[in-house]
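Structure, as structure tokens:
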């Protein structure tokens, strides 16, 4: 089957039927190429979605105040709900199953920050010590905020390394003072985060910022960790939190605009389920494309056998065995399928490599790539399928009677 003469015969047959061979190979190579690109794109979407959650603890709940849109117990619509430190303490005390928890103020407020001759506008977020764990941040130098900073209203801060590099250049920021809107804060630590934008910020003790910037006891976010609660338990807890705040401030539990309770874990599960569905759809499309290519190989091999009927008859007349007839046809089928399959694999993975090299990323699409073992398995699968596709006409050819074959020409 793998003798030199048989390879020369196959190459001669391919040379005589260039267009037919090209179209057959193209259908197989295109199938592998499409599968690789689709799998890479699916992984890119998955990586993008995961990166959106990478900077934060996934199993957590955000609670933010809003304005009422439903009248309740004599209160008109449009009433602004304002959360306080006491509300945070109420929730923490009532729901001991919560894990890490923090309260924030000024989620998006920028501050004028100055160090010597360097200055800029940066987000300075007042928070509590547990914010460090919920942000999934990691310390580079120094420490994060602690409970003593909160209790004693210390004027300290922790800065992201990108912010530190911009303001301090090559200086060690630990022990230096930052002028934040006219108040000096001692830098006690630097941190890094999975999201570079979050490294262009500083964290301040919540109680200190409430005093210095006259925030009083107001907060605009509760961020509550859920420990190991499952999805159903987290949804139930979110509903209980809404009910607790609604009862205190006299608004309807059905008024979603009065209090925004965002279950990040539920959102994460929904997105991951959607991406799993997309991946399944990608596999279905890819496999159907491959099947179309295999059917093309089978049809072409049937035509090849029909065209070479007289030749097969002569071979059998001079003593060729059925296995040799089957072998030469299978060899041609496998050769075309393998060549096309690996070409499609190389082109597909090459394009994904270039996309990663160039860095065509966005917030929702990152590092499109395909697992090499999956790609090789798909290619080997199509080669095996190509062999099976060629086997059917090969078996038919092996059963041809020499005399009938000679007459059919």
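In my numbering, the protein residues as written are 305 to 713. Ideal placement from N, C-alpha and C gives every residue a C-beta, glycine not left out. In this text the structure is predicted, and so the values were computed from the model without any measurement.
- Here residue 374 is near residue 556, since their CB atoms are less than 8 angstroms apart.
- As the crow flies, the alpha-carbon of residue 389 is around 34 angstroms from that of residue 576.
- DSSP places residue 376 in the strand class (E or B) of the three-state scheme.
- In the DSSP assignment, no residue is bridged to residue 587.
- Membership of residue 553 in the alpha helix (DSSP H) is indicated by the continuous run 535-553.
- Looking at the DSSP output, residue 464 shares a beta bridge with 495.
- Contact check between the stretch 518-535 and the stretch 398-413: three or more CB pairs, one atom from each, fall below 8 angstroms, which counts as touching.
- Residue 554 and residue 368 have their C-alpha atoms spaced approximately 16 angstroms apart.
- Secondary structure of residue 407 (DSSP, three-state): strand.
- Between residue 518 and the set 550, 362, 485, the nearest pair of CA atoms involves 485.
- With contacts defined as CB atoms closer than 8 angstroms, residue 438 and residue 460 fail to qualify as a contacting pair.
- For residue 478, there is no enclosing beta strand (DSSP E), as DSSP marks it with neither H nor E.
- Excluding residues up to 5 positions away in sequence, 368, 370 lie with their Cβ nearer than 6 angstroms to the Cβ of residue 564 in the same chain.
- DSSP lists 483 as the beta-bridge partner residues of residue 488.
- DSSP lists 507 as the bridge partner or partners of residue 429.
- The DSSP-derived three-state label of residue 697 is helix.
- Restricting attention to 578, 457, 435, the CA atom closest to the CA of residue 448 is found in 435.
- For residue 583, same chain residues with a beta-carbon under 7 angstroms away, outside a window of 5 residues either side, are 346 in chain order.
- With a beta-carbon spacing of about 5 angstroms, residue 529 and residue 364 fall inside the 8 angstroms limit used to define contacts.
- Under a 10 Å Cβ-count criterion, residue 592 is classified as exposed, with fewer than 16 other Cβ atoms of the shown protein chains found around its own Cβ.
- In the three-state scheme derived from DSSP, where H, G and I count as helix and E and B as strand, residue 661 is classed as helix.
- Annotation for residue 505: 426, 427, 428, 429, 463, 464, 467 place their beta carbon closer than 8 angstroms to its own, counting only its chain and skipping 5 residues before and after.
- Here residue 546 is buried, its C-beta having at least 16 other C-beta atoms within 10 Å.
- Excluding its 5 nearest sequence neighbours in each direction, residue 649 has C-beta neighbours in its own chain below 7 angstroms: 336, 340, 679, 683, listed in chain order.
- Looking from the CA of residue 338, the closest CA among 496, 595, 670, 560 belongs to 595.
- Membership of residue 436 in the alpha helix (DSSP H) is indicated by the continuous run 435-438.
- Within the model, the alpha-carbon separation for residue 671 versus residue 499 is close to 15 angstroms.
- Distances from the alpha-carbon of residue 607 to those of 531, 700, 585, 643 put 700 closest.
- Residue 414 is bridged by DSSP to 427.
- Inter-residue distance for residue 483 and residue 655 is about 49 angstroms (C-alpha atoms, whole angstroms).
- Cβ contact annotation for residue 562 (same chain, cutoff 6 angstroms, sequence separation greater than five): 370, 372, 385, 555, in chain order.
- Looking at the DSSP output, residue 365 shares a beta bridge with 528, 567.
- Ranked by how close their Cα comes to the Cα of residue 458, the residues 474, 441, 481 have 481 in first place.
- If you draw a straight line from the Cα of residue 366 to the Cα of residue 641, it comes to about 54 angstroms.
- Residue 543 counts as exposed, since fewer than 16 other beta carbons sit within 10 angstroms of its beta carbon.
- With contacts defined by Cβ atoms closer than 8 angstroms, residue 450 and residue 433 form a contacting pair.
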